[in-house]
Structure formats: C-alpha cells, structure tokens
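First up is the structure itself, then whatever we jot down about it.
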Amino acid sequence: QIADGENGGVMMNEFPRDYPIVWPEIQDNGQSTAGVVGVNGTEYLELIEAAGANPEDYPPCQAIHQHKIWQRVDPDNATPEAVEQALQELKATDHQFHMDGASWTDDLSWVKGYENVLEPMNQLSAMFHKKYDPLVQQDPSVTKRSDYQAALLYTLLVETSCFRYWGQGTWTDYAHELYRRGEAVLRIEN
Numbered sequence: 021q022i023a024d025g026e027n028g029g030v031m032m033n034e035f036p037r038d039y040p041i042v043w044p045e046i047q048d049n050g051q052s053t054a055g056v057v058g059v060n061g062t063e064y065l066e067l068i069e070a071a072g073a074n075p076e077d078y079p080p081c082q083a084i085h086q087h088k089i090w091q092r093v094d095p096d097n098a099t100p101e102a103v104e105q106a107l108q109e110l111k112a113t114d115h116q117f118h119m120d121g122a123s124w125t126d127d128l129s130w131v132k133g134y135e136n137v138l139e140p141m142n143q144l145s146a147m148f149h150k151k152y153d154p155l156v157q158q159d160p161s162v163t164k165r166s167d168y169q170a171a172l173l174y175t176l177l178v179e180t181s182c183f184r185y186w187g188q189g190t191w192t193d194y195a196h197e198l199y200r201r202g203e204a205v206l207r208i209e210n
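Counting from 1 along the sequence shown, just add 20 to a position and that's the residue number in the numbering used here.
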C-alpha cells in the first residue's frame, strides 16, 4: 500500500487493528536489544543524538518554495506586512510559486477542486479565532471553559486532513456535521 499515513486510512483502519499485534512482536524480537527494535520518535531522536548527531546540524526543513520568501524578506526582521508584500510579488512574477499546499507526491494541489471542503474549515477557524483570541488575551483562563474547549475540538476536528483527502462522500458529510456543531457552539453568546 502506498499511503501517507492518516490520509491513506492507515491510522483509522489499520493501526488500531495491527498495533497491538505487531508492537509486542517487535519488542520480543531479540529481547528488544537486537534485530528490529521498536522505538518511538522521541527515543529515536535520543538514540541518534547519543550516537553524535547534533540538532543544530540537522538540515532545515521548510515548505516547498518557502525559501523564495526568505530571499525577499530577512527572517530576523520579518513583519506580516513584509511577508505579505513578498507573497504578492512572488505570485505576480513566479508562475511556479504558490502557497496552496502540496501532497506527498508534489504534483497534486491540496486546494484546487476542494473548495467545498476547505472553505468550511477556513470559516470555522476564522470564527474561532475572531471570538476567542481577544478573550484569551484578556484572560488566559478562558481556555479552561467548556465552551472554548468544545469550539476548539470542533475546529480541530474539521481541520483533519482526511476530510480534504476524501473530498466527497461519507467522510465529507461527517466534516459538514462537525462544522455545523462547531458553528453552533461559536454562535452561543457567553
């Protein structure tokens, strides 16, 4: 199977079934000291650092074309206005430049053709931040309130990439229902 994890249904459909079987097999292989040894991500990083890897030497990782922004804007003195100006200039002068996201194959747009799914994501996120950002700035304990937590939950659920990945059908229907619930929570006056 070729898949990029969650978007291939692996985490939802295969991981819950296979993890309890495979992980003990890996752990028991050579008493966890030889052969294939199971480690989590943190343990892996600790092992390579213990072997001499230095996090400062890791290559930088950035989105495709992002370097073009930093060729126009000094990262140490970046402002939202300078970045926005660079984005507009790049969009006008570089036909390959885009900020639409890309799939793991880098030949598919994560945006074009999926507006019916992405627009509700953007709308709910904007509603959440419009309502709660000022409140949280005034009083950080707002994040402990049940209305905040419910709104955050629905916003994050709607932003799950598998809704965009599937595009149409049952999964998209789930996303629309989560959007509806999130919008209802956000419209309640506190």
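Idealized CB from N, CA, C, for every residue including glycine.
Residue from the options with nearest C-alpha to residue i
| i | options | result |
| --- | --- | --- |
| Ser145 | Thr175, Lys132 and Lys151 | Thr175 |
| Arg200 | Leu177, Tyr152, Asp38 and Ile41 | Leu177 |
| Gln169 | Leu107, Lys151, Asn74 and Tyr78 | Lys151 |
| Asp114 | Gln86, Glu63 and Gln158 | Gln86 |
| Asp193 | Arg92, Gly72 and Val137 | Val137 |
Assigned exposure category for residue i - 16 Cβ within 10 Å defines buried
| i | result |
| --- | --- |
| Gly202 | buried |
| Met141 | buried |
| Ala195 | buried |
| Val59 | exposed |
| Tyr78 | exposed |
| Val205 | buried |
| Tyr39 | exposed |
| Ala171 | buried |
Own chain, CB closer than 8 Å to residue i, minus 5 neighbours either side, in chain order
| i | result |
| --- | --- |
| Ile89 | Val103, Ala106, Leu107 and Leu110 |
Neighbourhood of residue i by C-beta distance below 7 Å, restricted to the same chain and skipping five residues each side
| i | result |
| --- | --- |
| Ile22 | Annotation note: pLDDT 38 at Ile22 (below 50); position unreliable, no value reported. |
| Arg165 | none |
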